[in-house]
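Visitor: In this text, residue positions in the sequence shown follow the working numbering: the first is 100, and each later residue adds one.
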Amino acid sequence: MKTIHALPAIALAAFLVPQSAEATASLDDRASLSRDVVPDGAAFVLHVDLQGLFASDLWSAIDASVGLSAALEDEAGLDDLASTWGIDPFRDVLSVTVVGDVGGGAAIVRTTDRIDGALDRLRAMPEARVAAHEGLGLEVWTVEDEQVWALVLGVEGSSEREIVIGEDASEVAAVARVMLGDAPSIVTARRPALRAKPNAGSFVYAEVGPSLLENLAATPASAFASRARGLALEVRESKGGLNAALRIATDSDASSESIASVVRGAQSLLELSGVLDEAPDEVMDLLDGLKIVTGERSVTVDLTIGMDDIRRALRDQ
Numbered sequence: 100m101k102t103i104h105a106l107p108a109i110a111l112a113a114f115l116v117p118q119s120a121e122a123t124a125s126l127d128d129r130a131s132l133s134r135d136v137v138p139d140g141a142a143f144v145l146h147v148d149l150q151g152l153f154a155s156d157l158w159s160a161i162d163a164s165v166g167l168s169a170a171l172e173d174e175a176g177l178d179d180l181a182s183t184w185g186i187d188p189f190r191d192v193l194s195v196t197v198v199g200d201v202g203g204g205a206a207i208v209r210t211t212d213r214i215d216g217a218l219d220r221l222r223a224m225p226e227a228r229v230a231a232h233e234g235l236g237l238e239v240w241t242v243e244d245e246q247v248w249a250l251v252l253g254v255e256g257s258s259e260r261e262i263v264i265g266e267d268a269s270e271v272a273a274v275a276r277v278m279l280g281d282a283p284s285i286v287t288a289r290r291p292a293l294r295a296k297p298n299a300g301s302f303v304y305a306e307v308g309p310s311l312l313e314n315l316a317a318t319p320a321s322a323f324a325s326r327a328r329g330l331a332l333e334v335r336e337s338k339g340g341l342n343a344a345l346r347i348a349t350d351s352d353a354s355s356e357s358i359a360s361v362v363r364g365a366q367s368l369l370e371l372s373g374v375l376d377e378a379p380d381e382v383m384d385l386l387d388g389l390k391i392v393t394g395e396r397s398v399t400v401d402l403t404i405g406m407d408d409i410r411r412a413l414r415d416q
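1) State the CB to CB distance for the pair ALA273 and LEU145, rounded to an integer number of angstroms; the pair is presumed to be in contact (CB under 8 Å).
2) With DSSP as the reference, identify every bridge partner of ILE161, one or two as the case may be.
3) Using a Cβ-Cβ cut-off of 8 Å (strictly less than) and excluding sequence neighbours within five positions of ARG220, which residues of its own chain qualify?
4) Ignore the nearest five residues each way along the sequence and tell me which others in VAL136's own chain have a CB closer than 8 Å to its CB.
5) Per DSSP, what are the beta-bridge partners of TRP248 in this structure?
6) So for VAL362, helix, strand or coil by DSSP?
7) Compute the Euclidean distance between the alpha carbons of MET100 and GLY236, then round it to the nearest angstrom.
8) How many angstroms separate the CA atom of SER397 from the CA atom of ASN298?
9) Alpha carbon to alpha carbon, what distance is there between LEU332 and ARG326?
10) Rounded to the nearest angstrom, what separates ALA223 and GLY204 at their Cα positions?
11) Check this for me: beta carbons of ILE409 and ALA160, under 8 Å apart or not?
12) Helix, strand or coil: how does DSSP classify ASN342 here?
13) Considering only the beta carbon of each residue, do SER155 and THR211 sit closer than 8 Å?
14) Please report the straight-line C-alpha distance between LEU345 and ARG294, rounded to a whole angstrom.
15) Report yes if the C-beta of ALA223 is less than 7 Å from at least one heavy atom of the ligand NAP; otherwise report no.
16) From what residue to what residue does the beta strand (DSSP E) around ALA327 run?
17) So what does DSSP say about PRO188, is it helix, strand or coil?
18) With a cut-off of 8 Å on the beta carbons, I'd call ASP350 and ARG328 a contact; round off their distance for me.
19) By alpha-carbon positions, which one of THR399, TRP240, GLY216, ARG213 ends up nearest to PRO225?
20) Return the bridge partner residues of GLY166 from the DSSP annotation.
21) Classify GLN118: buried if its beta carbon has 16 or more other beta carbons within 10 angstroms, exposed otherwise.
22) For a test of the three-state rule: what should DSSP assign to ILE409, helix, strand or coil?
23) With a Cβ-Cβ cutoff of 8 Å, do VAL147 and VAL263 count as a contact?
24) I'd like to check one pair, ALA292 with VAL201: are the Cβ atoms closer than 8 Å?
25) Please go through the same chain and pick out, in chain order, the residues whose beta-carbon is closer than 7 Å to the beta-carbon of GLY388, but skip the five residues on each side of it.
26) What does DSSP give as the partner residues of PHE143 in its beta bridges?
27) In terms of residues, what are the limits of the beta strand (DSSP E) holding ARG228?
Written as structure tokens, this is what we have:
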């Protein structure tokens with residue numbers, strides 16, 4: 100059973116940006132996507148494994164090229180955050196997961212217990228308050244006249260925290276009840292709308308279910324949406340390169356072939372149009388690394404870029 104702690108939501112605003120890429124990141128499964136926090140009936144999920152991202156060769160290459168960590172410290176004031184509040188966002192934040200339905204959603208931020216001192220200080224501020232909502236005591240924080248609702252759940256057998264936060268109290272409560280075991284997740288669902296199964300090593304995973312795609316029926320993308328039953332985008336490092344894969348679940352093999360044909364046609368049209376005639380070699384290398392594969396009621400658009408190519412492109416900027 101998870102224990103409940105109140106949380107001033109303003110604390111999270113500082114957690115979502117890394118302070119330093121020089122810290123040693125853990126690559127264990129603490130920051131991976133946990134399927135039992137995704138509610139049954141959720142229409143989308145977005146998961147960012149911050150520990151994996153900031154420990155990746157990609158982040159190291161970008162940081163070495165443009166000095167991203169130093170820029171974040173100077174411009175975002177993260178050095179003050181560490182000295183004043185004792186919070187190191189790069190070290191103390193493990194992952195961020197956003198889940199929801201057509202109407203909205205809530206975020207789950209997994210952290211270490213090193214944030215507790217900062218939370219105690221924030222709770223002592225006069226603006227902080229706790230409000231009862233649907234049987235839960237939620238912390239309410241007002242930021243620029245906007246209310247934010249939040250809850251912190253202690254993780255059984257661990258000193259870490261799982262922080263649920265959102266602009267709508269009901270959405271925060273709905274996700275919290277799943278995490279507390281009082282409402283079903285996709286793990287126990289007979290026919291879950293989302294798979295939420297990223298591959299090992301993924302640091303970005305996003306998935307959209309059929310209910311959101313159905314909302315595209317009245318848009319120019321309706322022809323595509325009528326054939327698609329789900330989308331999943333995954334970014335990870337694989338075999339010395341950066342891999343991005345978009346998997347499209349379809350209603351039939353015929354739809355898979357149709358969607359694949361559209362994607363291949365768009366690629367060919369781009370190459371024949373002359374738009375890429377003056378494009379750098381790196382752009383052409385990207386197109387060469389693009390693969391379109393059809394499977395059983397699915398299409399996968401797969402792109403792999405070698406880390407040497409990424410470093411070379413960054414040096415040429």
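For each residue, glycine too, the CB sits at the ideal point set by N, CA and C.
The structure displayed is predicted, hence computed values, not measured ones.
Guide: Judging by the given coordinates:
1) That belief does not hold up - the Cβ atoms of ALA273 and LEU145 are roughly 17 Å apart, past 8 Å.
2) Per DSSP, none; premise fails for ILE161.
3) TRP184
4) THR196, VAL198, ILE207, GLU261, VAL274, VAL277, MET278, SER284
5) VAL239, GLY265
6) helix
7) Note that MET100 scores a pLDDT of 47, beneath 50, so its modelled location is shaky and nothing firm can be said.
8) 17 Å
9) 17 Å
10) 28 Å
11) yes
12) strand
13) no
14) 14 Å
15) Ligands displayed in this structure: none; no statement on the ligand NAP is therefore possible.
16) 327–337
17) helix
18) 6 Å
19) TRP240
20) Its beta-bridge partners do not exist; DSSP assigns none.
21) Caution applies to GLN118, whose pLDDT of 31 falls short of 50 and renders its modelled position unreliable; the model cannot decide the point.
22) helix
23) no
24) no
25) LEU402, THR403, ILE404
26) GLY199, VAL307
27) 228–232
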